[in-house]
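Below you'll find the structure, written out as structure tokens, and then a few comments.
2 protein chains.
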Amino acid sequence: MTAPLHDRDSGTSAARPHDRHSGTSGARLPDTQQGMRRRNLSRVMHTVAAHGPLSRAAVASRIGLTRAAVSTLVDELIRSELLDELGPERPGRVGRPGSALAVSARGPVGVGAEVGVDHLAVCAVDLRGETRARVIQQVGNRGRPPEPVLRELAALVRRVCAEARSAGLSPAGLAVAVPGLVARDTHSVVRAPNLGWHDIDLGPHLPPELPLTVDNEANFGALAELWLGEGTPEDFLHVSAEIGIGAALVIDGRLLRGTHGFAGEFGHMPVWPEGPSCPCGGRGCLEQYAGEKAVLRAAGLEAGEDRVALLAERAAAGDKAVRRALGGAGTALGIALTGAVNLLDPRAVVLGGALSRLAPWLLPSLERELAGRTGGRACGVTVSGLGSDGPLLGAAHSVARAVLDDPAGVGAAG
Amino acid sequence: MTAPLHDRDSGTSAARPHDRHSGTSGARLPDTQQGMRRRNLSRVMHTVAAHGPLSRAAVASRIGLTRAAVSTLVDELIRSELLDELGPERPGRVGRPGSALAVSARGPVGVGAEVGVDHLAVCAVDLRGETRARVIQQVGNRGRPPEPVLRELAALVRRVCAEARSAGLSPAGLAVAVPGLVARDTHSVVRAPNLGWHDIDLGPHLPPELPLTVDNEANFGALAELWLGEGTPEDFLHVSAEIGIGAALVIDGRLLRGTHGFAGEFGHMPVWPEGPSCPCGGRGCLEQYAGEKAVLRAAGLEAGEDRVALLAERAAAGDKAVRRALGGAGTALGIALTGAVNLLDPRAVVLGGALSRLAPWLLPSLERELAGRTGGRACGVTVSGLGSDGPLLGAAHSVARAVLDDPAGVGAAG
């Protein structure tokens, strides 16, 4: 069995899963033999996870270390039950047959959870990136006090952990995606307007034995896109919507979190500065034109459950009012994206969440506006294939990847 | 004498001076003994540069290595003429007196150059951050072909280098700040509308013996603010103006460059989307309200030389039209900054260049707009103390800091 990776009360370790996606988490450690060993353990894990099964010699050649050095690292990772030796490679090759290495199918799993406005979800992902357990519960959380919501979430987390343990897996930590602002390096939801939550510390409500991370759903959605998206570049702006509109900027494979953890408040870019008042304090914010409420109003529809599906259905059926409403939202998105692209020069813009389901009717006006206003400076707009699964998967993978980033944490504690 | 650090034709090394400001340039090298040695050499140099004179023991304690390890590194840096031993420390302390180390006053200098619309400037900065030579030439460059401009710049560079060499210094590289877009990791100005330049490779026009970097003036201005500004945080948005308006985002002490090197086109954030056409292809861009031309027009003044001084003078004298024009520019800046702050959550906004001279009349409306629209989410606006010197100093310091970031480059070549 492996032990938890990080202490819950370490702000740094809580922040780490989101900061990087490759084995460089030790770059700020004092540069000692010990720091070098930890980084090299991480390189071995990431290499086998991404390209395995691989022989020791193949790992050595990929990461530029000697085979002897790699063998020492591999032995340590096998002892920690993070790598498995699959037995001799296919015979008939020159030299002594190497034994292929693979990431263990037992060992640590990352547990991800999502508090949605309409649902709760929890899943467990192993170090190979496979989902090993998953539950979803439809429940209207808007306006409910946090305590019962988090009690239900904790019960789902315990159910998924029990299922994982019965398969020989060991939950390494819990990451929770919430639809609101989370103060950087804390477990506190500062503001989640669509839940009606203010200044809620999730820590006391969740299983204490699991190291905890809490973050905005848009951030986890962008990380899922980075790690799991087909051909996603390492530099992109991820724009997603459920009820509100959020964004996350990934640069060189790292998430830009902002000083307070509030970066990505894309829904509050001013679009028409004298436009309608917004609860944020501004006027004419993007959300006033492209948020779910604004689009439903423009389409003449009532608020209610799963309105995105209704909008998509009506638009597909040719409903003129719905198409006009989505076209208007696309124009507003295009103007706001012009500002973001001029400021940030991302390689691509990826539309996720509800925006991916409505993309066919948003994209024409969005792209017209963006291309016209940026003088054709290339920035493609693509649509995420993860749909609404992004935040949950991003949360679970962030914990699993933190193990790959610092496998020595497991070995030292085990 | 020391030798040049990097080959001119290495795209990576050309980009390096701007990417980081502390000794982590080796973080992507294979993690070998050699890579570790280079990073530790850099740590010693940065520590002595920032806190020296220091004894070997004090360096060891600051960077978390043993005194023996530090001594080996220090001996190598003394042999490369990057560090000096100042003789025994003050006596009367326990143990054998240590010898204080300081960054050498000879050795490498970084050469910075600036192509302005109204001037050319070149300076040399040593590893201690002191300016050792400097020339400025007033000359109207608007609409001049690049060749004669760059010929004059090259002559100024040679003059500064000769002066540096006669003081026992060795120019380690040249960084040139230009008022335009520079393609990332190249020496090519893609577009400099206020000079009238398109697709100009500066490389062939400048002294071939100096490794060259070329970048946008707003980027170098932001780096100068990071390295030299009083109390500047490691995360800030630097907004500056000369003729156009540019911005640069610094995150964790690193510049966000953008995929193509075009990040920071803040002047082309849409403010009023149906506003006047902009040469960029957009409508209602910030520059149409807060650029020099727009402000002069709104103030009823003609274009001409040093209009910023004229605007400041008239505003100080109470000229109502000028104050109204600057107030309007402040409002537009505040709306555009609202978008940037919502998207990026910087710790601070710093106004540089011409904006710093006009700040007293821009700030009231700018801050009112920003605070009103962001619901009081804290993001202070400060004014740079570097004024129009930022880009030139940022360029020169970027070369000097690249030596601190990889002192092994000097030792290996020397």
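Keeping their order, the protein sequence lines are chains A and B.
Reading the first sequence from the start, the letters are residues 1 to 414 in the UniProt record's numbering.
Reading the second sequence from the start, the letters are residues 1 to 414 in the UniProt record's numbering.
Glycine included, each C-beta is placed from N, C-alpha and C at the ideal position.
Quick caveat: nothing in here was measured; it's all calculated off a predicted structure.
Residue i, enclosing beta strand (DSSP E) - first and last residue
{"i": "B/Glu114", "result": "Gly107 to Val115"}
{"i": "A/Asp199", "result": "Trp197 to Asp201"}
{"i": "B/His119", "result": "His119 to Asp126"}
{"i": "B/Gly129", "result": "First-last for B/Gly129: undefined, no H or E at that position."}
{"i": "A/Gly380", "result": "Gly380 to Val383"}
{"i": "A/Ala192", "result": "Ser188 to Ala192"}
8 angstroms Cβ cut-off: residues of chain A touching residue i
{"i": "B/Trp197", "result": "Result: empty, since nearest Cβ-Cβ is about 17 angstroms, beyond 8 angstroms."}
{"i": "B/Asp75", "result": "Simply none; closest approach about 18 angstroms."}
For residue i, the first and last residue of its enclosing alpha helix (DSSP H)
{"i": "A/Gly339", "result": "Lys320 to Leu344"}
{"i": "B/Leu169", "result": "No alpha helix (DSSP H) contains B/Leu169, which is instead part of the beta strand (DSSP E) from Leu169 to Val178."}
{"i": "residue 418 of chain B", "result": "What the structure shows of chain B is the stretch from 1 to 414, and residue 418 of chain B is not part of that stretch, so it cannot be assessed."}
{"i": "A/Ala57", "result": "Arg56 to Ile63"}
{"i": "B/Gly35", "result": "Gln33 to His51"}
{"i": "B/Leu362", "result": "Ala354 to Arg373"}
{"i": "A/Leu101", "result": "Here A/Leu101 belongs to no alpha helix (DSSP H); instead the beta strand (DSSP E) covers Ser99 to Val103."}
{"i": "B/Ser388", "result": "Counting along the chain, B/Ser388 falls outside any alpha helix (DSSP H), and DSSP gives it neither H nor E."}
{"i": "B/Arg307", "result": "Arg307 to Ala316"}
{"i": "A/Leu296", "result": "Glu292 to Ala299"}
Cβ-Cβ separation, residue j to residue i (assumed contact under 8 angstroms), whole Å
{"i": "B/Ile243", "j": "B/Pro179", "result": "7 angstroms"}
{"i": "A/Val125", "j": "A/Val176", "result": "Not really, about 14 angstroms apart at Cβ, beyond 8 angstroms."}
{"i": "A/Leu366", "j": "A/Val381", "result": "7 angstroms"}
{"i": "B/Gly246", "j": "B/Phe220", "result": "Not a contact, Cβ separation roughly 11 angstroms."}
{"i": "B/Leu362", "j": "B/Gly409", "result": "Between B/Gly409 and B/Leu362 the Cβ distance is about 43 angstroms, and since that is not below 8 angstroms, they are no contact."}
{"i": "B/Ile63", "j": "B/Arg43", "result": "5 angstroms"}
{"i": "A/Leu120", "j": "A/Gly52", "result": "Contact doesn't hold; Cβ gap of about 34 angstroms is too wide."}
{"i": "A/Glu230", "j": "A/Gly253", "result": "About 16 angstroms separates the two Cβ atoms, so there is no contact after all."}
{"i": "A/Pro407", "j": "A/Leu169", "result": "In fact, because the Cβ distance is near 16 angstroms, the residues do not count as touching under 8 angstroms."}
Residue i, DSSP secondary structure in three states
{"i": "B/Asn216", "result": "strand"}
{"i": "A/Gln138", "result": "strand"}
{"i": "A/Leu237", "result": "strand"}
{"i": "A/Ile243", "result": "coil"}
{"i": "B/Leu286", "result": "coil"}
{"i": "B/Pro270", "result": "strand"}
{"i": "B/Glu76", "result": "helix"}
{"i": "A/Leu29", "result": "Residue placement at A/Leu29 is poorly supported in this model, since its pLDDT is 44, which falls under 50; the coordinates still yield a value, given next. In this structure, A/Leu29 counts as coil in the three-state DSSP scheme."}
{"i": "A/Asp84", "result": "strand"}
{"i": "B/Leu249", "result": "strand"}
{"i": "B/Leu256", "result": "coil"}
{"i": "A/Gly409", "result": "helix"}
{"i": "B/Ala348", "result": "strand"}
{"i": "B/Leu210", "result": "coil"}
{"i": "B/Arg96", "result": "Since pLDDT at B/Arg96 reaches only 48, below the 50 mark, its modelled position is unreliable, and the value read off the structure follows with that caveat. The answer is coil: DSSP assigns B/Arg96 none of H, G, I, E or B."}
{"i": "A/Val403", "result": "helix"}
{"i": "B/Gly275", "result": "coil"}
Neighbour list for residue i in chain B, Cβ cutoff strictly below 8 angstroms
{"i": "A/Val44", "result": "Residues of chain B passing the Cβ test: none, with the nearest at roughly 11 angstroms."}
{"i": "A/Gly281", "result": "Gly372, Arg373, Thr374, Gly375 and Gly376"}
Residues that residue i contacts on chain B, provided the C-beta gap is smaller than 7 angstroms
{"i": "A/Arg347", "result": "Thr259"}
{"i": "A/Ile335", "result": "Pro270 and Pro273"}
Residue i: contacting residues in chain A (beta-carbon distance under 9 angstroms)
{"i": "B/Pro148", "result": "What B/Pro148 touches in chain A: nothing, since even the nearest Cβ is about 29 angstroms away."}
{"i": "B/His264", "result": "Going by the sequence as given, residue 264 of chain B is Gly instead of His. Near B/Gly264 (Cβ distances below 9 angstroms), the residues of chain A are Asn342, Leu343, Leu344 and Asp345."}
{"i": "B/Ala247", "result": "Leu343"}
Cross-chain neighbours of residue i in chain B, by beta carbon under 9 angstroms
{"i": "A/His51", "result": "Simply none; closest approach about 17 angstroms."}
{"i": "A/Asp235", "result": "Gly258 and Thr259"}
Interface residues of chain A facing residue i [CB-CB closer than 7 angstroms]
{"i": "B/Gly339", "result": "Met269, Pro270 and Gly339"}
{"i": "B/Pro276", "result": "What B/Pro276 touches in chain A: nothing, since even the nearest Cβ is about 13 angstroms away."}
{"i": "B/Ile251", "result": "Leu256"}
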